[in-house]
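**Q** To start, I am sharing the structure in question, which I have written as structure tokens.
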Amino acid sequence: MKECWNSDPNKRPKATVLRDKMQEIFNIEGKNMNPTKIIKSSDIGPVATNNPGAIYKSRHLSGMIQSAMSTRSLRGKSITAEVGKYNETIGSI
């Protein structure tokens, strides 16, 4: 394979040589008692789960809305407190 990466095209193997090598590998693999097996594994690539009913189920959003409002309120209080500290610092100068 490294031969194929040679920067000099004249030093790379010809297509017929590659074909012969591939045929040799194929023949050896065919005679092998334990041929290479391609397996599927969840470690390779993303795993998708299918739950077609999930899109259409009704869900109560009140808890989610309350959580968002609470977070928003806390952010507003934090900003107000910081502005107050800033104003006190400026006022004392």
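Its first residue numbered 1278, the sequence shown is counted upward by one per residue in my numbering.
By construction, the Cβ of each residue, glycine as well, lies at the ideal position given by its N, Cα and C atoms.
(1) Please list the terminal residues of the continuous alpha helix (DSSP H) segment that includes LYS1410.
(2) From SER1344, MET1278 and GLY1353, pick the residue whose C-alpha is nearest to that of LYS1288; which is it?
(3) Given this structure, state the Cα-to-Cα distance separating LEU1295 from GLU1301, to the nearest angstrom.
(4) Which class does ASN1287 belong to by DSSP, given the choice of helix, strand or coil?
(5) To the nearest angstrom, how far is the alpha carbon of LYS1362 from that of SER1350?
**A** Inspection of the coordinates gives the following:
(1) Here the chain comprises residues numbered 1278 to 1370, so residue 1410 is not present and cannot be evaluated.
(2) MET1278
(3) 10 Å
(4) helix
(5) 19 Å
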